[in-house]
Ligand code: KE4
């Protein structure tokens, strides 16, 4: 691995960016606020590697926050985009590819009988919440502390991802009346959910079936089945936010991996193959409530545009043709956990490495992670030192202790082994 440069050009561009953009970025976590220093500016990427304006190369575990499951600039995705881009990028009228992608999503995701494309995970989760409220006539929603479902008002209460990163789990600007409709339970704690549902005023429980926005926190074996049971007992709909886990932890997502079928599902990231798209779907009786079939309104100028359908189809078709990739991710995730776990033991410092399929995470300074209560105690300073030590050695981790890391197929060509050597050294030098 060639050591990184001083990132002079990136620093200059970041200074210009902060003049005209909030924090110099188009999404907060990219600003490196939690890990120090200024972010590298990417010039290009291919496979598992990013190339920066400073001439640095990094092995990338951000993977566009999970969207790029195959790797950057995958030849099939690039070819699909090149093919469609010359024919026009958006028409505002139906296209064949939208039908083909919808049919493929419905065939792959167990709970999805009818699906609608949207432009972001935020839109997907906001839309399924609106359906749930319309279908049940109830206004309350249950989310879990440390989970993140995008930036719509109802979900910016004790949220994960960037809010947890910057210590602002709830956002100003969300009206108290809106926030009061959101009840927050503890992940992996069914009793806290039962308490929230007792008055039968809750329209939906919205959950990341594998929490990925407080680091990677897997569900206890009884958690998801317990949510299904509690929702059925209380007339509440179960919503899986699979924006991150969809097509990542299994071809059919977490619902296929754990065998629990939600009523509605939000999808994102992988479904659009790295193009700006997402989707939501579920039971036909619920999805037929959506306009123009039904009265629940949701719309989008660029929803299902040719770039998204081309990249999404190329990616999902490849995954469907190569289901063995999920076994390879499970094996590789286990190797990461074993390798880094052994390093932590050897240096005699507490830490936990978790993994589910192609997503994983490290929690430094704690012994166990089952909920935000555990995760919030991680050693953030140590993570910052670890992150910087890895970056200086050519490995880019998600710049927050509260984000999952992501494998790409491109890591599996031996690149992961080189990255593990770097991460081992970074763990050792950062531990004090
Ligand atoms: P977007 O609106 O960012 O496309 O999706 C929101 C969202 C919804 N649900 C889950 C489970 C998610 O993980 C996300 C977005 N994930 C973050 C990373 N933790 C996106 C990165 C960012 O905010 O820049």
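In my numbering, the protein residues as written are 2 to 433. Just so you know, even glycine gets a beta-carbon here, dropped at the ideal spot from N, CA and C.
Per-residue DSSP class, three states only, for residue i
{"i": "residue 45", "result": "strand"}
{"i": "residue 316", "result": "helix"}
{"i": "residue 6", "result": "coil"}
{"i": "residue 58", "result": "strand"}
{"i": "residue 66", "result": "coil"}
{"i": "residue 275", "result": "coil"}
{"i": "residue 427", "result": "helix"}
{"i": "residue 16", "result": "helix"}
{"i": "residue 252", "result": "coil"}
{"i": "residue 292", "result": "coil"}
{"i": "residue 235", "result": "helix"}
{"i": "residue 165", "result": "helix"}
{"i": "residue 145", "result": "strand"}
{"i": "residue 403", "result": "coil"}
{"i": "residue 52", "result": "strand"}
{"i": "residue 110", "result": "coil"}
{"i": "residue 281", "result": "strand"}
{"i": "residue 396", "result": "strand"}
{"i": "residue 87", "result": "coil"}
Beta-carbon gap between residue i and residue j smaller than 8 Å
{"i": "residue 210", "j": "residue 234", "result": "no"}
{"i": "residue 269", "j": "residue 315", "result": "no"}
{"i": "residue 90", "j": "residue 307", "result": "yes"}
{"i": "residue 303", "j": "residue 120", "result": "yes"}
{"i": "residue 206", "j": "residue 240", "result": "yes"}
{"i": "residue 111", "j": "residue 279", "result": "no"}
{"i": "residue 188", "j": "residue 232", "result": "no"}
{"i": "residue 35", "j": "residue 431", "result": "no"}
{"i": "residue 247", "j": "residue 272", "result": "yes"}
{"i": "residue 333", "j": "residue 417", "result": "yes"}
{"i": "residue 30", "j": "residue 166", "result": "yes"}
{"i": "residue 58", "j": "residue 359", "result": "no"}
{"i": "residue 289", "j": "residue 264", "result": "no"}
{"i": "residue 390", "j": "residue 427", "result": "yes"}
{"i": "residue 46", "j": "residue 74", "result": "yes"}
{"i": "residue 71", "j": "residue 253", "result": "no"}
{"i": "residue 82", "j": "residue 319", "result": "no"}
{"i": "residue 68", "j": "residue 213", "result": "no"}
{"i": "residue 204", "j": "residue 134", "result": "yes"}
{"i": "residue 48", "j": "residue 411", "result": "yes"}
{"i": "residue 185", "j": "residue 145", "result": "yes"}
N- and C-terminal bounds of the alpha helix (DSSP H) containing residue i
{"i": "residue 259", "result": "255 to 259"}
{"i": "residue 33", "result": "Note, residue 33: premise wrong, no alpha helix (DSSP H); not H, not E."}
Segment limits, beta strand (DSSP E) that includes residue i
{"i": "residue 241", "result": "238 to 243"}
{"i": "residue 1", "result": "Because the chain in this structure spans residues 2 to 433, residue 1 falls outside the shown range and cannot be described."}
{"i": "residue 119", "result": "115 to 119"}
{"i": "residue 268", "result": "265 to 268"}
{"i": "residue 73", "result": "It is not in any beta strand (DSSP E) - residue 73 carries neither H nor E in the DSSP assignment."}
{"i": "residue 205", "result": "203 to 208"}
{"i": "residue 356", "result": "352 to 357"}
{"i": "residue 361", "result": "360 to 365"}
Cβ-based neighbour list, residue i, same chain, cut-off 6 Å, excluding 5 preceding and 5 following
{"i": "residue 352", "result": "345, 365"}
{"i": "residue 370", "result": "218, 353, 364, 376"}
{"i": "residue 127", "result": "153"}
{"i": "residue 452", "result": "Absent from the model: residue 452. The displayed extent of the chain is 2 to 433, so no value can be given."}
{"i": "residue 340", "result": "421"}
Same chain only: Cβ atoms within 8 Å of residue i, ignoring 5 sequence neighbours per side
{"i": "residue 43", "result": "51, 52, 53, 54"}
{"i": "residue 106", "result": "113, 116, 268, 272, 280, 282, 317"}
{"i": "residue 182", "result": "140, 141, 142, 155"}
{"i": "residue 228", "result": "191, 194, 206, 208, 239, 261"}
{"i": "residue 222", "result": "none"}
{"i": "residue 96", "result": "305, 307, 310"}
Cβ-heavy atom distance, residue i to the ligand KE4, below 7 Å
{"i": "residue 30", "result": "yes"}
{"i": "residue 260", "result": "no"}
{"i": "residue 9", "result": "no"}
{"i": "residue 189", "result": "no"}
{"i": "residue 213", "result": "yes"}
{"i": "residue 245", "result": "yes"}
{"i": "residue 154", "result": "no"}
{"i": "residue 169", "result": "no"}
{"i": "residue 35", "result": "no"}
{"i": "residue 281", "result": "no"}
{"i": "residue 172", "result": "no"}
{"i": "residue 319", "result": "no"}
{"i": "residue 404", "result": "yes"}
Close Cβ partners of residue i (< 7 Å) along its chain, the five nearest in sequence each way excluded
{"i": "residue 291", "result": "117, 132, 297, 299"}
{"i": "residue 32", "result": "24, 25, 26, 40"}
{"i": "residue 2", "result": "Unreliable positioning characterises residue 2 in this predicted model, as indicated by a pLDDT of 49, which lies under 50. The coordinate reading is nonetheless provided below. Excluding positions up to five away in sequence, the list reads 394, 395, 419, 423."}
{"i": "residue 172", "result": "157, 164"}
{"i": "residue 329", "result": "413"}
Proximity test, residue i beta-carbon vs the ligand SAM heavy atom, cut-off 7 Å
{"i": "residue 310", "result": "Absence of the ligand SAM from the depicted structure is noted, with the ligand KE4 being the only ligands included."}
Minimum Cβ-Cβ distance from residue i to chain D less than 8 Å
{"i": "residue 133", "result": "No chain D appears in the structure shown, which is made up of a single protein chain."}
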